[in-house]
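Take a look at the structure below.
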Amino acid sequence: MGTAMAPRNPRASWFGATPVTAIYLLIGFAIGVVGAWIIGIFTFGPAENFVLDYFDRPILDFVRDRRVDLLTDLMKFFTWLGTDLILIIAGVALAVWAFLKTRDPLWPVFVAVTVLGAIFLDDIVKDLVERPRPRGGLVEGTRFTFPNGHSLNAAVMAGMFGYFLTNRRGRTETLWVWRGLGLAAFLIAFSRVYLSTDWPLDIIGGLCLGAFWVSVSLAAFRPR
12 MGTAMAPRNP RASWFGATPV TAIYLLIGFA IGVVGAWIIG IFTFGPAENF
62 VLDYFDRPIL DFVRDRRVDL LTDLMKFFTW LGTDLILIIA GVALAVWAFL
112 KTRDPLWPVF VAVTVLGAIF LDDIVKDLVE RPRPRGGLVE GTRFTFPNGH
162 SLNAAVMAGM FGYFLTNRRG RTETLWVWRG LGLAAFLIAF SRVYLSTDWP
212 LDIIGGLCLG AFWVSVSLAA FRPR
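In our numbering, the protein residues as written are 12 to 235.
Take a look at the structure:
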């Protein structure tokens, strides 16, 4: 009778944590804050009128003039999916799911650091840049608009779930997963422009900052 093989420990192939992990996270967070602040100060300072007249306002007006009731209701649903509440709920669900599947205690740590870091990153940069929202939004926005927090959250959720769902998957499956998550993130981001709650450049900034932060977090926790 053959001897049963011991279950493989997935921890080494998923995550690793060393004292360097904290340094990666702190440096990455600082780069995200300072980089977004510098871009925001320049873009919405000396170049603000150019950005508004030739990019933000034309796109916002174009989308606003083509609203339809059914699509408006759908966009309100997608904008709700980008809230901090949904980010936290999705993070808890992913942490539990991933831990039960992998038994890797670093999964909940990775998710908690990524989610909380995204929320703080958004709040800090908003207060530094202080860009006002467009008028006439169909849903109420809070505080400032750059970077767009819903877009940032969407990119972070897509990155976390994408890494979990595509690890050890084939090329075809991986492509379809990332396409689906990318489409969902785009719709969440686009909903903010459709509802006239954020400027187009704000959602681009949110997507880029969210993608940057989840990449930093993944790099910090990668096995060494």
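Note that the Cβ used here is the ideal one computed from N, Cα and C, for glycine as well.
Item, Value
"Own chain residues within Cβ distance below 8 Å of Val44, not counting five before or after", "Leu132, Ile135, Val136, Leu139"
"Contact belief for Gly216 with Phe157 at Cβ below 8 Å, rounded distance in angstroms", "6 Å"
"Best match in Thr113, Ile97, Leu111 for proximity to Ile7 [C-alpha to C-alpha]", "What the structure shows of the chain is the stretch from 12 to 235, and residue 7 is not part of that stretch, so it cannot be assessed."
"C-beta atoms of Trp224 and Gly93 nearer than 8 Å", "no"
"Supposed close pair Val188, Leu176 - CB separation, criterion 8 Å", "5 Å"
"C-alpha gap between Met12 and Arg179, whole angstroms", "For Met12, the predicted model reports a pLDDT of 40, less than 50, meaning its position is unreliable; a value from the coordinates is still stated below. When rounded, the distance between both Cα atoms is 31 Å."
"Nearest-angstrom Cα separation, counted from Leu117 out to Thr29", "11 Å"
"Any alpha helix (DSSP H) of 4 or more consecutive residues that is wholly inside the stretch 68-131", "68-75, 80-92, 95-113"
"Of the listed residues Thr83, Gly173, Ile130, Ile50, nearest to Asp95 (C-alpha basis)", "Ile130"
"C-beta atoms of Phe5 and Pro211 nearer than 8 Å", "As displayed, the chain neither begins before 12 nor continues past 235, which places residue 5 out of reach and without an answer."
"Exposure of Ala169, with buried meaning 16 or more beta-carbon neighbours within 10 Å", "buried"
"Reference Ser202, options Leu82, Asp72, Glu59, Asn60, closest by Cα", "Leu82"
"Per-residue DSSP class, three states only, for Asp133", "helix"
"Residue nearest to Asn164 in terms of C-alpha spacing, selected from Gly221, Ser226, Leu192, Arg190", "Gly221"
"Reduced DSSP category for Phe223 - H, G, I as helix; E, B as strand; rest coil", "helix"
"8 Å contact criterion, which Leu236 and Ser207 should meet: CB distance rounded", "This structure cannot settle anything about residue 236, because the visible part of the chain is limited to 12 through 235."
"Spatial distance of Leu186 from Leu192 (CA atoms)", "10 Å"
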